[in-house]
Structure formats: C-alpha cells, structure tokens
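Residues 2 to 611 (the working numbering) are what the sequence shown spells out, left to right. In this text, a Cβ means the ideal position worked out from N, Cα and C, and glycines have one as well. Below you'll find the structure, written out as structure tokens, and then a few comments.
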Amino acid sequence: MNCCPRAQMSLLSLRLVTGGLLFLAVTSRTAFTARSSSYQPSDQAYGLSTRRSLANRVAVAGHRTTCHRSCSVHGVCNEELGRCDCPRHYTGPSCSDPARNISAICKAYSLTLHGDCEHDPSCFNNCNQRGKCITGMCHCEPGYWGMDCSISWGPGGKPQLLEGRYKPRKTGVKIYVYELPSQMTSWFGFWRMDRPLHLVFWQRIMSSGIRTLNGDEADYFFIPLNTRGSVVGGQLSEAISYIRRTWPWWNNTDYGHRHFMIHTGDIGVNEYPNRVRKEMSEAMANITWLTHWGLYEEHPTYKWDAAHRPGKDLVVPPVIMSQGFQESPMNLAVQAEADAKGESLERKHTLFFAGRICGDRQPPDEKTGLCKTTTHHGYSLGVRQKVHQYYRNYKGFKIVEWTKTYLEDISTHKFCLAPVGGGWGKRALLVTFMGCVPVCISDKVLQAFEPEIDWSKFSVSVAEADISNLPRILNSISSAELASKQKRLRCAAQHMFYSSSLGAILGEDGRYDAFETTMEILRVRKEHPGVPPEKYTKVDERFRKFVDCDLDGPDPLPLCTQGHDRQFPDRPACSECRNKESHSTRFYTSPGGLLCCAVGDMAQCPRAWP
2 MNCCPRAQMS LLSLRLVTGG LLFLAVTSRT AFTARSSSYQ PSDQAYGLST RRSLANRVAV
62 AGHRTTCHRS CSVHGVCNEE LGRCDCPRHY TGPSCSDPAR NISAICKAYS LTLHGDCEHD
122 PSCFNNCNQR GKCITGMCHC EPGYWGMDCS ISWGPGGKPQ LLEGRYKPRK TGVKIYVYEL
182 PSQMTSWFGF WRMDRPLHLV FWQRIMSSGI RTLNGDEADY FFIPLNTRGS VVGGQLSEAI
242 SYIRRTWPWW NNTDYGHRHF MIHTGDIGVN EYPNRVRKEM SEAMANITWL THWGLYEEHP
302 TYKWDAAHRP GKDLVVPPVI MSQGFQESPM NLAVQAEADA KGESLERKHT LFFAGRICGD
362 RQPPDEKTGL CKTTTHHGYS LGVRQKVHQY YRNYKGFKIV EWTKTYLEDI STHKFCLAPV
422 GGGWGKRALL VTFMGCVPVC ISDKVLQAFE PEIDWSKFSV SVAEADISNL PRILNSISSA
482 ELASKQKRLR CAAQHMFYSS SLGAILGEDG RYDAFETTME ILRVRKEHPG VPPEKYTKVD
542 ERFRKFVDCD LDGPDPLPLC TQGHDRQFPD RPACSECRNK ESHSTRFYTS PGGLLCCAVG
602 DMAQCPRAWP
C-alpha cells in the first residue's frame, strides 16, 4: 500500500457491500487524536464510540473532502460549504498559518493569552464524541463538521445529523440553525459567558428534535451569535452579510423575517452601539429578538427608549445558574420532608426585598433612607429607592441591602419585591422559584413570556405612582386570591427556568420549561398569524393547557435534580451524571443538556414531547 507509507496498517482493507456497490477503505492503527491543535498518530482512539456502526465509520472515512486536504490538520472542514474553520491560533484558507496577532485576538475575545485562550478545555456538547476539544473549539474528525461535530454526509449526498440517528420531533416547529464561521462562535470563551442563553437554545433545538438541516422546510431560522463583548457589534453586520451571500433563506423570508436572535443585554437590543443600530436598522427591524428587557414604550419619567415589540419580539427568562433553588418550599421533596417532620411552611410576613438600593452602589443614608448621591438616579426606575425610603421600618416589611438569611426570608414572606435594575432584573424569577408572590413595579415593562402568559394570575402589578399605597394594595388581597396566586406559582416557575438544560429545582420533569415554552409560543405564532399575543390562550387550546402545565403528554421524564444529594429515590442528582463525565461540568458540555445526561448520547436523549 503506497497511499499511506508512514502508517502501520492493522487492517489493509475492508470490503463493504451495500446496495450492490463495493467500497474500499483503508484503516490504520493510527487513530486520529489531537495534540497541539493538530491530528497526530496515537494508539488510543478518542473519537468513534463503540456504539457506532462500522458502516458509518467507512462512510465517513471514504468521503472526499471539499476543502483543501490539509484543512483537517488544524481546522475543521464544513463539507457542505467547503469552508475551513480555524481555531483562534491558526489562520489562512486551510488553517495552516499560525496567527501572528494571537495576542490581539485573545484580548478581543476577553481571554488571556497564556491561559484560557490556549487551554480552554470546554467545548460545546463535548463535540458529540466525534472530535477533540482544543482551545474551546471542536476539532472534528474528518468527515464531521458543525459547532459540535454533529453533521456529516448522509444518503443521497445530503447532510445529516448524528449519522442519521437523529429523529425529528413530529409536532411543533422546525428550526434551521446557521453554522457560522468559528470566529463568530467557538472563539468566544464559553466558560466566561455570564449570559450563555444562545448556547442553551442551540443545544436544545437539536436535542429536542426541532432542528432541521433543510432550510426549505424550516419555520424559523436561528442566528446563534453571542451578543456580549467588545467584538459583537461588528459581528452582527458581518454575520448578516455572510448569511445573505451564503444561504438563500434570508432573502427568501423577505429579508430576515422568521429569523430570530437572542440578545441578553441589560437593555436588550438598545445595548448595541448607535452606529450599529443605524447601519443595521432594516435587518434589526426584520429579525425577531428574544431578550430579557420588555420595555415596549419610552419610559415616561426616565426616558429609557423602547426596546421590545409585543407580538414580534419575545421576552424570555435569563439563564440563572445560581444554586439552592432546590430548597424551595414548592419542591415536592421539601414539602414531603416538612410534612414528615410536622413542620409548617406558613408565610407569616408580608413583603421582602434584599439587594442593591442605590444607583451609585453606596448604602443609603441610615437616618433618611435616601441615596447619598444622584448618580444613576434612574437605576431601577427609582423603585428600589422609593420602597426603601418609605418602608425600611414598616411592620411586616423587610427591605434591606443584604441578609444572612436570604432563603429563610424569601420562604417566610407572602410577597417579594421584584424590581428592575439597570435594565432587566431577575428577581421576579428568583422569588417565583421560591414560591413568593412577585410584586412587579415597572411601568411599561413586560415580564418574561408576557403577555403570552398572564402574570396577573400569580403576581401583583403596582404602578410606580402607587408606591405610596403599597401596604394598602397588598393588604387588600384576600386570603383566597393570595392562595390562588401561590398555587399557580409552581407551574409559572417551571415556565421560567431552563430545567431541561440545568436540571430540576422543584421536582419537575422539564416538559414546561423556558425553552419548551418559547417553542410553544413560536408554534402558536406560526399557526395563528396576526393574533395578538395576549389572545393566544383563547385561540389555541393546546397552548392554554400548556400554560397551565396541564397537557396530556408522555410519561414524566427522568430529569436529574440540582444539588449534590438525591431528592427522589428514582431520580439521580445532576452531580451524579456530571461525575460520570470526564469533561467540564458546565451545562453546555453535556450533549443535549442535563435532560440527556443519563444517556450521554444526544440521539438517545429523552424527549419532552414526541
């Protein structure tokens, strides 16, 4: 054999007869592995798992690449586009040239040159066991491509997911995900991201069965850009231009309609520089934005600009990775333990808030309760400042900057203040998880999944002008109405948490989590175009039942629970799954999210809905 003179051949040839055709492949004992960002001979194969068939190995090994033959040494060939994706420290059409400006590249992506820029071990979906994680990028085995090495050629010369083992969902929407160049995706240090929501969606779009590789059948198109950091402003224009010249669907959807992006900035898309918003105004207007900031009109007092269009955009919950929510009184395991001990979970106090009060980050004056300066006086729309000033000493109210007994306080008060901050705030979600009725005081600001979900059923909305009447408003709520709101909180909390990615906090199974809620809203929009979002539960019976967590569906999923110890005998703690994995414990490295952690294979991931 002269084709591979340096290889020690353990198997000279393999003849595979399929459909009357004879294929010849050469297999070497030299398995592909990665060292110093290139494939080198090794006696231990890291990639192809024993669960995968020999036929699939041959099909991939026999494919002739559309890229330069040296691309796979340092890069990854996107066979469908003929594009060679490079890691941060290599460049050129075949990723053969060391990057001379690596220091500047690392700095631009907020990475340290001799630290995480060179040695980041965390890769998306753990490369689906079809590649090696090198500096945060999946160095896929030849024949595989995509952010997580999930794509390869299938029958008829069409791309396929997970070697054809991927099963699309039978109902709901279909979403096409743009596989953008690596400098727009994997060059970011995922572990440094404080708001990695686009990774949650990218991960779950596939493991839930919603992803399609055929854009012609897609209902929506996902642009998976990170929107936080110094380079993201320019990347929006770069990404849209690249999409328009590479794929037909931007133009085919009337220049970006049915395309959606996620922006996690404090003030939503308004966090983009004015220059970018002006240059990209048409594209940004056509895109559907998923953000955390629901200001739909200019704020009358502080003149904050509107950033949300109800019915076009969608307010989604942020990813909250704080630990401890499994101790919520709404957790079935916590309730059972309290009942066994004869303990009461009664909420005896009225209103609680602990957190930053003043925009200047200084403590308020002890005597007057006022902030000492007017720096950032518009912080929280002035709500935290006024509530603290009026009620810091009010009986039954606990309004403080911090407390050592946060979980206890949030579990013993009936109502919890849920203000905004320097933009969107997460306290409306935190208190919901803990079973405390949110008191939302923020004029013209919609909460997560509002108005698609009616927050008035489980929260209290107070106008900013009525802060002086807050005790009267809360005391006017009858015991029956309060009990009704508290009962609905457990279902509402499921809609607000990404449990299929992060694990259960209330003993839930993930069928109604924040990702699935987003997909349901997109489905209703597709099936009922033109209907105002506040009417969705009126025109779509499935959505009404979904919002009430009352759909007839599959058996409960075996979703692991947060925390180190098991809360239910038949369900593992998420830490058990992570201890079995040799890669990072961050959610985005578990293929498909923690809903899939028991199987470790995205193709076998349990489905919330068929």
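In this model, Lys-486 and Gln-568 are separated by some 26 Å (Cα to Cα). When the beta-carbon positions are compared, Ser-502 and Val-201 come within less than 7 Å of each other. In this chain, the alpha helix (DSSP H) harbouring Asp-410 covers 407-413. A distance below 7 Å between beta-carbons, with the five flanking residues on each side excluded, links His-378 to the following residues of its chain, in chain order: Gly-360.
Shortest Cα-Cα distance from Ala-464 to any of Lys-159, Lys-445, Gly-190, Phe-547 involves Lys-445.
A straight-line Cα-Cα distance of about 23 Å links Gly-216 and Gln-184.
Looking from the CA of Val-233, the closest CA among Asp-467, Leu-431, Arg-473, Ala-109 belongs to Ala-109.
In this structure, His-260 lies near Ile-288, with their beta-carbon atoms less than 7 Å apart.
Here Ile-506 really is in contact with Phe-498; their C-beta atoms are around 6 Å apart, less than 8 Å.
Thr-519 and Val-317 have their C-alpha atoms spaced approximately 8 Å apart.
Closest in C-alpha terms to Ser-111, from the list Phe-189, His-75, Asp-121, Tyr-167, comes Phe-189. Annotation note: the stretch 206-248 contains the following uninterrupted alpha helix (DSSP H) runs of length 4 or greater, listed N- to C-terminal: 233-247.
Uninterrupted alpha helix (DSSP H) stretches at least 4 residues long and entirely within the stretch 71-137 occur at 72-75, 103-109, 117-120, given in chain order. Less than 7 Å divides the Cβ of Pro-534 from the Cβ of Pro-452. A Cβ-Cβ separation of about 13 Å leaves Arg-512 out of contact with Gly-173 under the 8 Å criterion. Secondary structure of Ser-187 (DSSP, three-state): coil.
The residue among His-258, Lys-527, Asp-267, Gly-132 with its C-alpha nearest the C-alpha of Arg-229 is Asp-267.
Contact between Met-138 and Ser-71 is absent: CB atoms are separated by about 17 Å, not below the 8 Å threshold.
Residue pairing by DSSP places Phe-261 opposite Phe-223, Thr-289 in a beta bridge. Your pair Cys-87 and Cys-96 checks out as a contact, with CB atoms roughly 4 Å apart and the cut at 8 Å. In this structure, DSSP gives Ile-506 a state outside helix and strand, which the three-state scheme calls coil. Annotation: Thr-518 is outside any beta strand (DSSP E); the continuous alpha helix (DSSP H) that includes it extends over 515-528. Counting C-beta atoms within 10 angstroms of its own C-beta, Val-540 has fewer than 16 neighbours from the protein chains shown and is therefore classed as exposed.
Our two residues, Leu-552 and Glu-542, have alpha carbons roughly 10 Å apart in a direct line. For Glu-280 against Ser-238, the beta-carbon gap comes to about 6 Å, under 8 Å, which counts as contact. Taking all protein chains in view, the Cβ of Leu-346 is surrounded by fewer than 16 other Cβ atoms within 10 Å, so the residue is classified as exposed.
Here Cys-141 is bridged, per DSSP, to Gly-132. The beta carbon of Tyr-537 is closer than 6 Å to those of Glu-453, Val-525, Phe-544 in its chain, skipping five residues each way along the sequence.
In this chain, Tyr-537 is not harboured by any beta strand (DSSP E); it is covered by the alpha helix (DSSP H) spanning 537-540. Residue environment: Glu-142 is assigned as buried (16 or more neighbouring CB atoms within 10 Å of its CB, all protein chains considered). Contact between the stretch 402-422 and the stretch 339-355 is present: 3 or more CB-CB pairs across the two stretches fall below 8 Å. If you ignore the 5 residues before and after Tyr-91, its C-beta comes within less than 8 Å of the C-beta of Ser-38, His-75, Gly-76, Ser-97, Asp-98, Pro-99, Ala-100, all in its own chain and listed in chain order.
In the three-state reduction of the DSSP assignment, Asp-314 falls in the strand class, which pools E and B. In this structure, the straight-line span from the alpha carbon of Glu-80 to that of Ser-153 is close to 8 Å. For Val-463, the three-state secondary structure derived from DSSP is coil.
Annotation for Tyr-392: the continuous alpha helix (DSSP H) segment containing it runs 384-392.
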